[in-house]
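J.: Residue numbering for the sequence shown is 111 to 658, as defined by our numbering. Beta carbons are placed, not taken as given, at the ideal position from N, Cα and C, and that holds for glycine.
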Amino acid sequence: MQRTLDGTDGDRGPLGLAAPHEPKVRPGSADSGAGGAEPPASAREAELEAEVARLRRALAKAERAAARDVEVERRAVAALAESEARLRLAQEAAEVGVFERNVSTGRAHWSAAMFRIYGLGPEGRSPEVTDEEYLSLLDEEDRERHRARRNARRADPAAPRYAHEFRIRRVDTGEVRWISSRGEIVRDAAGRPLLVRGTNHDITDRRRAEIALADSEARFRSLAEALPGFVWTAKADGAFDWVSPRWYAYSGAEPGAALGWGWGAWLHPEDRGRVAEGWRGAVAAGAPEHEDEFRLRGAGGEYRWFLTRVAPVRGRDGRVERWVGTCTDVDPRHKAEERQCLLVNELNHRVKNSLAVALALADQTRRACDAANHPPERFHADFQTRLVALAAAHDLLTREHWEGAPLTKLVQTALAPHAGKAGASASRVSAAGPPVRLAPETAIALAMAMHELATNAAKHGALSVPAGRVEVVWRVESPPAAPGGMLVLHWSEHGGPPVEGPPKRRGFGSRLIERGLPIQLGRGGTVDLDFAPGGLRCRIAAPLQPAA
């Protein structure tokens, strides 16, 4: 006990302070029940009593604040413990291993999950693992590479964190697994590494998925490069993000030039707007497929027709995530269609012309028979032979796809029926001249003229007697008026009956050759008949078409 301010012993307060002073009741005061009045306390005592009261209030306030701080600290400690418990649960659930390694000693403290990741049971095992023990768990192919990379990272003062991936071989199963190790490097003021704290996580499934994806992409690219056309992919908005190398080989474009919407620069100007509008519409609608045809400019400036087919790649929610498309060269098909259309039109034209020629042959043959008072049987025979000659010319042109006919074959076809008659000389007909290819119209006209000349020779001229013969020779001249050249053909008969001059009456054959043939041969075409005593001679000049 300590002495009070008035010299008496008293109890101390909660913090060791003296209990507040109680003023003594003086004898005779009102409080004592006596009627006399005590004199007031001294000023010093009043001051001390006020100070004690102030200290009491301060003490009470401090005690309340201390109680609040204790409660806050208690709650913080509880929250920290709860957070750490949740973290441990999350790490255990995710199988995330935690470690802390002392760089100078090489010893690390492992969590239980770390041991399980490496195929080690944590039960009854010290949590400390030496660096050599740790490295021995890594796959041999990655061990030294990981050691070198780790040491280089620690030696770099500017590297506060690290992230490595490597393979381990589990102790319990021997299985190779991929591990992701991430953490921080704690350094001293000089930048030297002191501690390494981090986590290990098994990423084998992710790496296998990445490898499978890489293999799939490699197979896709190999297939895309093996296809004869182009393959491309686009993002969900329709912008190209990859084009196969064949596109760049065809277009001559720089790598990456076709990405985004840059491919439109290689479209034919007449196709550009239509194709872009159709593609944007398909993207906006998420169409299940899209197909279009257009012309693309090649490296040499030529345009070819391509067919593109596009299909969407959808996610699990059904939305389009990207597009995959192909471009196939269909230019041969377009040219074939154009050619077919041209051939159909040409066929219509040829049929009309053939019918017109047949009608003209029928009419002229009838008139010739009427003028000569020939019986109907003669008309039928003459008309039939002329139709056969016309058909032979058409057959020759058909074999040549109506692109023209060689003059040698045409002459041989016209003279073939007269070359092998019984008792005739083997050389009674001959044809000689340079190779000449005739246009279809010229070929038909000359074929009919050859037929009429051969028929006349068989009836009245050199081919009507066994010793007679016919020579057909030709050459090509180059007059300025004929850019493609001028064919000059000579027909001459020898060894036949003497010719007494031009016939008094011109038959169908003469009129066809002298009047109709020059018109059919075109501008510059001429025909001259010479009824010489030794045999008929005919000179035919026909302009040739310029070479394509």
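Pick out whichever of Ala346, Val341 and Lys345 has its Cα sitting closest to the Cα of Pro355.
T.: Val341
J.: Report the rounded CA-to-CA distance for Gly533 versus Pro576, giving the unit in angstroms.
T.: Confidence in Gly533 is poor, its pLDDT being 42 and thus under 50, which makes the residue's placement unreliable; the coordinate value appears in the next sentence. Gly533 and Pro576: Cα-Cα distance of roughly 6 Å.
J.: Taking buried to mean at least 16 other C-beta atoms within 10 Å of its own C-beta, is Asp312 buried or exposed?
T.: Burial call: buried.
J.: Tell me which same chain residues have a C-beta within less than 7 Å of the C-beta of Arg476, skipping the five on either side of it?
T.: So the qualifying residues of the chain are Phe489.
J.: When DSSP labels each residue in this structure, what does Lys345 get in the three-state scheme?
T.: Lys345: strand per DSSP, three-state reduction.
J.: Is DSSP giving Asp282 helix, strand or coil here?
T.: Correct three-state label for Asp282: coil.
J.: In the stretch 590-647, which residue ranges form an unbroken beta strand (DSSP E) of at least 3 residues, counting only runs that do not cross its ends?
T.: 596-604 and 636-642
J.: So, under 8 Å CB-CB, Gly231 and Thr283 are touching, yes? Tell me the CB distance rounded to an integer number of Å.
T.: At roughly 13 Å, the Cβ-Cβ gap does not stay under 8 Å, so Gly231 and Thr283 are not in contact.
J.: Where does Leu323 land, buried or exposed, given buried means 16+ other C-beta within 10 angstroms?
T.: Leu323 sits exposed, since fewer than 16 C-beta atoms from the chains shown fall within 10 Å of its C-beta.
J.: Tell me which residues share the same chain as Pro593 and place their Cβ nearer than 8 Å to its Cβ, disregarding the 5 neighbours each side in the sequence.
T.: Pro656
J.: Considering only residues of the stretch 202-234, which uninterrupted beta strand (DSSP E) runs meet the minimum length of 3 residues and lie entirely inside it, listed in chain order?
T.: 206-212 and 218-220
J.: Taking the alpha carbon of Gly301 as the point to measure from, which residue in Arg211, Ala269 and Gly611 has its own alpha carbon closest?
T.: Ala269
J.: Suppose you measure from the CA of Glu320 to the CA of Ser361; what does that come to, to the nearest Å?
T.: 33 Å
J.: Bridge partners for Ala421 per DSSP, in chain order?
T.: Val434
J.: When you compare only the Cα positions, how much space is there between Ile278 and Asn212?
T.: 22 Å
J.: Hey, could you find the ends of the alpha helix (DSSP H) Pro379 is sitting in?
T.: Pro379 to Ala395
J.: Determine the closest residue to Leu305 out of Pro545, Val385, Ala392 and Arg263, with distance taken between C-alpha atoms.
T.: Arg263
J.: So the beta strand (DSSP E) Leu247 belongs to, where does it begin and stop?
T.: Run containing Leu247: none; DSSP gives neither H nor E here.
J.: Let's see if you can read the secondary structure: which residues bound the beta strand (DSSP E) around Leu556?
T.: Note, Leu556: premise wrong, no beta strand (DSSP E); alpha helix (DSSP H) at Pro550 to Lys569.
J.: Given this structure, state the Cα-to-Cα distance separating Arg255 from Asp241, to the nearest angstrom.
T.: 15 Å
J.: Return the Cβ separation of Asp439 and Arg414 in integer angstroms, given the expectation that the two are a contact with Cβ distance under 8 Å.
T.: 6 Å
J.: Does the CB of Asn310 have a neighbour CB from chain B at under 8 Å?
T.: Absence of chain B from the displayed structure is noted, only one protein chain being present.
J.: Could you say which of Ala559, Leu654 and Ala553 lies nearest to Val637 if we only look at CA atoms?
T.: Ala559
J.: Which whole-angstrom value is the C-beta distance of Gly635 and Pro643, which I expect to be below 8 Å?
T.: Between Pro643 and Gly635 the Cβ distance is about 28 Å, and since that is not below 8 Å, they are no contact.
J.: On the DSSP letters alone, give me the boundaries of the beta strand (DSSP E) that Ala542 sits inside.
T.: Val539 to Ala542
J.: Could you please give me the residues that DSSP links to Trp376 through a beta bridge?
T.: DSSP, once it has assigned bridges, lists no residue as partnering Trp376.
J.: In whole angstroms, what separates the C-alpha of Pro620 from that of Pro589?
T.: The sequence given here places Ser at residue 620; Pro does not occur at that position. Going by the C-alpha atoms only, they are around 28 Å apart.
J.: I need the DSSP call for Glu364, collapsed to helix, strand or coil.
T.: Of the three classes helix, strand and coil, the one that applies to Glu364 here is coil, per DSSP.
J.: Which of the three DSSP states, helix, strand or coil, is assigned to Thr662?
T.: Since the displayed the chain opens at 111 and closes at 658, residue 662 lies outside it and no answer follows.
J.: Given this structure, state the Cα-to-Cα distance separating Glu448 from Ala346, to the nearest angstrom.
T.: 37 Å
J.: Who are the Cβ neighbours of Glu183 in its own chain at under 6 Å, not counting the five residues just before and after it?
T.: By the criterion of a C-beta distance shorter than 6 Å, Glu183 is surrounded by no residue of its chain, once the five residues flanking it on both sides are discounted.
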